[in-house]
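Peer 1: Numbering (our numbering), first residue to last: 278 to 502. Note that beta-carbon positions come from the ideal geometry of N, C-alpha and C, so glycine has one too. Remember, it's a predicted structure, so these values are computed and weren't measured experimentally.
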Amino acid sequence: MLIIFLRSSIIFLVLLLVMRLMGKRQIGEMQPFELVITLLIAEVAGTPMADISIPLLYGVVSVLALFILHQVLSLLGLTGFFVKTVISGKPSLIIGKEGINYKELRKNDLDVSDVMEALRGQGYFSLADVSYAILESTGTFSVLPAATRPEKPALSMLLIGNGKLCRKNLTLLGLDEKFVQKTARAQGVKSVKDVLAFTIDGNGNCYFQPKNGVKSTFSVQLEAK
Numbered sequence: 278m279l280i281i282f283l284r285s286s287i288i289f290l291v292l293l294l295v296m297r298l299m300g301k302r303q304i305g306e307m308q309p310f311e312l313v314i315t316l317l318i319a320e321v322a323g324t325p326m327a328d329i330s331i332p333l334l335y336g337v338v339s340v341l342a343l344f345i346l347h348q349v350l351s352l353l354g355l356t357g358f359f360v361k362t363v364i365s366g367k368p369s370l371i372i373g374k375e376g377i378n379y380k381e382l383r384k385n386d387l388d389v390s391d392v393m394e395a396l397r398g399q400g401y402f403s404l405a406d407v408s409y410a411i412l413e414s415t416g417t418f419s420v421l422p423a424a425t426r427p428e429k430p431a432l433s434m435l436l437i438g439n440g441k442l443c444r445k446n447l448t449l450l451g452l453d454e455k456f457v458q459k460t461a462r463a464q465g466v467k468s469v470k471d472v473l474a475f476t477i478d479g480n481g482n483c484y485f486q487p488k489n490g491v492k493s494t495f496s497v498q499l500e501a502k
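#1: Label Ile-281 either buried or exposed according to how many other C-beta atoms from any shown protein chain fall within 10 Å of its C-beta, with 16 as the threshold for buried.
#2: What's the gap between the Cα of Lys-488 and the Cα of Asn-385?
#3: Counting C-beta neighbours from all protein chains within 10 Å, is the total for Ser-351 16 or more, i.e. buried, or is it exposed?
#4: Can you pull the DSSP bridge partners for Gln-486?
#5: Name the DSSP bridge partner or partners of Gly-438?
#6: May I have the straight-line CA-CA distance separating Val-363 from Leu-343, to the nearest angstrom?
#7: Does DSSP put Val-469 in a helix, a strand or coil?
#8: Please name the residue in Asp-471, Val-420 and Leu-333 whose C-alpha comes closest to that of Lys-441.
#9: For Leu-293, which residues of its own chain have a beta-carbon under 7 Å away from its beta-carbon, when the five flanking residues on both sides are left out?
#10: Which value, in whole angstroms, describes the spacing of the CA atoms of Lys-551 and Ser-433?
#11: Mapping the DSSP letters down to three states, classify Ala-410 as helix, strand or coil.
#12: What first and last residue would you give for the beta strand (DSSP E) that runs through Gly-373?
#13: Quick check on Pro-325: does DSSP put it in helix, strand or coil?
#14: Between the C-alpha atoms of Val-337 and Ile-318, what's the straight-line distance to the nearest angstrom?
Listed below in structure tokens is the structure:
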């Protein structure tokens with residue numbers, strides 16, 4: 278037991294030193310290659326802790342090798358934009374002046390509900406409250422709020438996302454499919470399948486965007502419950 282305790286303590290100190298040398302960004306905003314290296318470090322460091330048949334030096338050398346690889350890739354990323362893009366990827370404009378970018382949405386394996394969830398995490402409860410939203414290479418969203426936001430904000434709920442009807446939300450709001458179809462036709466869209474996003478909040482404020490079109494915002498009268 279004492280041997281395992283000592284081996285674990287040594288590995289812990291080595292890991293602490295390596296993580297400190299990698300910098301604070303390694304902890305808070307990991308690039309894809311940094312995430313891979315972190316996972317590998319956890320794997321190679323954990324094995325020699327519990328298995329005394331494996332020389333402790335093997336674990337230390339493996340951790341140091343991954344640290345060196347991290348430094349090399351970080352330095353390569355500083356040599357130019359192209360190299361950095363290859364290693365870490367590039368930001369994606371998810372929401373622009375015309376609304377949600379459908380191509381970028383598919384490219385990043387996202388749907389409208391994922392975007393709305395990320396925006397709520399930053400305090401934006403409606404797609405109409407956002408002028409621009411950028412998905413950074415670290416996986417975080419950077420948001421530029423709209424110039425005008427409602428005085429009485431309300432939670433927006435998704436009625437149509439990527440051409441699929443959200444029946445649960447319709448029930449919660451006391452609406453039906455006829456309302457959705459009527460609204461879609463009023464916006465020049467014949468089928469629900471052609472709608473990228475349709476949201477509505479408690480004040481009746483709507484956000485509507487076809488898959489191959491520009492966003493529009495409008496208000497409807499909701500029946501009081």
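Peer 2: Judging by the given coordinates:
#1: Sequence index remark: in the sequence shown, residue 281 carries index 4 (1-based). The residue is exposed, with fewer than 16 neighbouring Cβ atoms inside 10 Å.
#2: Locating residue 488 in the sequence shown gives position 211, counting from the first residue. Locating residue 385 in the sequence shown gives position 108, counting from the first residue. If I take the Cα positions, the gap works out to 16 Å.
#3: Within the sequence shown, the letter at position 74 stands for residue 351. By the neighbour-count definition (other C-beta atoms within 10 Å, threshold 16), Ser-351 is a buried residue.
#4: Against the sequence shown, residue 486 aligns to sequence position 209. Looking at the DSSP assignment, Gln-486 forms a beta bridge with Ala-474.
#5: Within the sequence shown, numbered from 1, the residue matching residue 438 stands at position 161. Looking at the DSSP assignment, Gly-438 forms a beta bridge with Lys-441 and Ala-474.
#6: Locating residue 363 in the sequence shown gives position 86, where the first residue counts as 1. Locating residue 343 in the sequence shown gives position 66, where the first residue counts as 1. Note on geometry: alpha-carbon atoms of Val-363 and Leu-343 lie some 19 Å from one another.
#7: As a first step, residue 469 must be located in the sequence shown, where it is residue number 192. In the structure shown, Val-469 falls within a helical segment according to DSSP collapsed to helix, strand and coil.
#8: Position 164 of the sequence shown, counted from the first residue, corresponds to residue 441. Of the candidates Asp-471, Val-420 and Leu-333, Asp-471 places its Cα closest to the Cα of Lys-441.
#9: Position 16 of the sequence shown holds residue 293. Sequence-distant partners of Leu-293 (beyond 5 residues in either direction) whose C-beta falls short of 7 Å from its own C-beta are missing from its chain.
#10: Not covered by the structure: residue 551. The range shown for the chain is 278 to 502.
#11: For the purposes of this step, residue 410 is taken as residue 133 along the sequence shown, with counting starting at 1. Secondary structure at Ala-410: strand, using DSSP grouped into helix, strand and coil.
#12: As a first step, residue 373 must be located in the sequence shown, where it is residue number 96. Taken as a continuous stretch (DSSP letters only), the beta strand (DSSP E) holding Gly-373 covers 369–373.
#13: For the purposes of this step, residue 325 is taken as the residue at position 48 of the sequence shown. In the three-state reduction of the DSSP assignment, Pro-325 falls in the helix class, which pools H, G and I.
#14: Here the question's residue 337 lines up with position 60 in the sequence shown. Here the question's residue 318 lines up with position 41 in the sequence shown. Cα to Cα, Val-337 sits roughly 10 Å from Ile-318.
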